[in-house]
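*Asks:* When we follow full-length UniProt numbering, the leftmost residue of the sequence shown carries the number 1, and every step to the right adds one. For glycine and all other residues, C-beta sits at the position ideal for the given N, C-alpha and C.
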Amino acid sequence: MSKLPVVIIGSGGHASVLVDILKKQQREIKAIISHSIPTERKIFEGIEHFSHDSDILKFNVDEIELINAIGASPHSTLRKTITNNYLALGYNFASVIADSAIVSTDVDIEKGVQILTRAVIHPGAKIGSFSVINTAAIIEHDCVLGENNFIAPGAVLCGQVSTGQDVFVGAGAVIIPNITLGINAIVGAGAVLTNDLNADQMCYPARMNIK
């Protein structure tokens, strides 16, 4: 992976996790671009802060890489929009792979991918550009993930699962082997998916009734 300095886009919880990983790897963080930085997030101390999107133009496209640190939620397009806006300006996005992640040598990882703490990716898998494999998620053998997927903490994709672009898999969800998910499909937190999902389809588990 490239060792160019990075600029972080965003300052929320997802950003704090990425900055923590990068600091442990002694990666140079040039700046954070965010409208504001929460004062309680001590992990950002010592990093220069810029509050306007246009401030990215202070940095030469050949001298830095960006990290999209905006989190994701079902139906949200903010993360993808930010990526596309900065790509249009000529900037590139770095991949981030936590040292504690277990990633087979036989995995195809495209640009701008984020693989977080204790995630596992097994042989034959392909991770599409700008996708996030969150904390302790498991991507089993021969899975093929499209671009801009967000696999939340603890989710499990069993062998040979295939996803289209912009798929969201919630925390703790399980997808059994050989399932296909279309573009914009959503699997809610805690769901067990046993059938294919077409484009824009959603699967949620039964709701808890709290009295």
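According to DSSP, is I109 helix, strand or coil?
*Replies:* In this structure, I109 counts as strand in the three-state DSSP scheme.
*Asks:* Just to confirm, are L145 and E65 a CB contact at a threshold of 8 Å?
*Replies:* Not in contact: L145 and E65 (Cβ atoms no closer than 8 Å).
*Asks:* Under 8 Å, with one C-beta from each stretch per pair, do the stretch 151 to 159 and the stretch 132 to 143 reach the 3-pair mark?
*Replies:* Segments in contact, yes.
*Asks:* So A88 is in the beta strand (DSSP E); what residue range does that whole segment cover?
*Replies:* Here A88 belongs to no beta strand (DSSP E); instead the alpha helix (DSSP H) covers L78 to A88.
*Asks:* Check each candidate in C158, N68, F150 and Q160 and name the one with the smallest Cα separation from T188.
*Replies:* Correcting the residue identity first, residue 188 is Gly in this sequence and not Thr. Of the candidates C158, N68, F150 and Q160, the one whose C-alpha sits nearest the C-alpha of G188 is F150.
*Asks:* Grouping DSSP H, G and I as helix and E and B as strand, with all else coil, what is K24?
*Replies:* Residue state, collapsed to three classes: helix.
*Asks:* Assign T163 to one of two classes, buried (16 or more other C-beta atoms within 10 Å of its C-beta) or exposed (fewer than that).
*Replies:* Its Cβ being crowded by 16 or more others within 10 Å, T163 is buried.
*Asks:* Go ahead and pull the three-state DSSP assignment for V6.
*Replies:* Here V6 sits in strand by DSSP.
*Asks:* Taking N68 as part of the beta strand (DSSP E), name the residues at either end of that continuous run.
*Replies:* Unbroken beta strand (DSSP E) run through N68: E65 to N68.
*Asks:* Should A31 and E48 be called a contact, given that it needs their Cβ atoms to be closer than 8 Å?
*Replies:* Yes, they are a contact pair.
*Asks:* Would you check if there are 3 or more beta carbon pairs closer than 8 Å linking the stretch 27 to 47 to the stretch 78 to 88?
*Replies:* Verdict: no, contact absent.
*Asks:* So does the stretch 81 to 89 actually touch the stretch 18 to 27, counting three or more Cβ pairs closer than 8 Å?
*Replies:* Counting Cβ pairs under 8 Å, fewer than three are found: no touch.
*Asks:* Decide if G90 is buried, meaning its Cβ has at least 16 other Cβ atoms within 10 Å, or exposed.
*Replies:* Answer is exposed; the Cβ neighbour count stays below 16.
*Asks:* Tell me which same chain residues have a C-beta within less than 8 Å of the C-beta of D99, skipping the five on either side of it?
*Replies:* Cβ neighbours of D99 beyond the five flanking positions: I21, K24 and Q25.
*Asks:* Just the Cα atoms here: how many angstroms apart are E45 and S54?
*Replies:* Their backbone Cα atoms lie some 22 Å apart in a straight line.
*Asks:* When you compare each of A191, G128, P177 and A173 to D166 by their alpha carbons, which one comes out closest?
*Replies:* The shortest Cα separation from D166 among A191, G128, P177 and A173 belongs to G128.
*Asks:* With I29 as the anchor, note down where its beta strand (DSSP E) starts and where it stops.
*Replies:* First-last of the beta strand (DSSP E) with I29: I29 to I33.
*Asks:* What does the alpha-carbon distance come out to for the pair N68 and V17?
*Replies:* Spanning the two alpha carbons is a distance of roughly 12 Å.
*Asks:* When burial is assigned at 16 or more other CB atoms within 10 Å of the CB, is E63 buried or exposed?
*Replies:* Its Cβ having fewer than 16 others within 10 Å, E63 is exposed.
*Asks:* Are the CB atoms of Q160 and N178 within a distance shorter than 8 Å?
*Replies:* Yes, the pair counts as a contact, with Cβ atoms nearer than the cut-off.
*Asks:* Is it the case that the Cβ atoms of I56 and V6 are separated by a distance below 8 Å?
*Replies:* No.
*Asks:* On the CB-based measure, 16 or more other CB atoms within 10 Å of its CB, does I121 come out buried or exposed?
*Replies:* I121 comes out buried.
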